[in-house]
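Working notes, beginning with the structure itself.
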Amino acid sequence: MMKPEVTKPAFRRLSIILSFTLGLFVSAFGQPTPTITGDTIVCPSDTRFYATDFVQGNSWTWATSPGGVIIQNFGNF
975 MMKPEVTKPA
985 FRRLSIILSF
995 TLGLFVSAFG
1005 QPTPTITGDT
1015 IVCPSDTRFY
1025 ATDFVQGNSW
1035 TWATSPGGVI
1045 IQNFGNF
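Numbering-wise, the working numbering comes out as the position in the sequence shown, counting from 1, plus 974.
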C-alpha cells in the first residue's frame, strides 16, 4: 500500500484551513459587575455594613473615601 504524498501547496492549504478553524473556537467572558448593598449616605461617626455577592473565581477590594475606616472585613473568600 502506498502512502499519498503531501505536496507543499497542499500542506499550506491544510495549515491555513486549520489555523482559520481553530480561531473560531475562542470564547471571551466579561468581568462581573458587583452590586454593593448598603446605605449611600453616612454621617460622621456612623457605622454601616456593606456587602456584595460571592462570585466564584473573583475577589473584591474594599476601599473608603478619605477619612473612612474599614473596621472589620468578614470575607475575602
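Cβ atoms here follow ideal geometry from the backbone N, Cα and C, with glycine treated the same way.
{"Check": "So Ile-1010 and Thr-1026 are supposed to be a Cβ contact under 8 Å. How far apart are they, rounded?", "Outcome": "5 Å"}
{"Check": "Can you pull the DSSP bridge partners for Thr-1011?", "Outcome": "Ala-1025"}
{"Check": "Do you know how far the Cα of Gly-1004 is from the Cα of Ile-1015?", "Outcome": "30 Å"}
{"Check": "What is the rounded straight-line gap between the Cα of Trp-1036 and the Cα of Phe-1023?", "Outcome": "12 Å"}
{"Check": "Alpha carbon to alpha carbon, how far is Pro-1018 from Asn-1032? Give it in angstroms, no decimals.", "Outcome": "32 Å"}
{"Check": "Quick check: what's the CA-CA separation for Phe-1028 versus Asn-1047?", "Outcome": "14 Å"}
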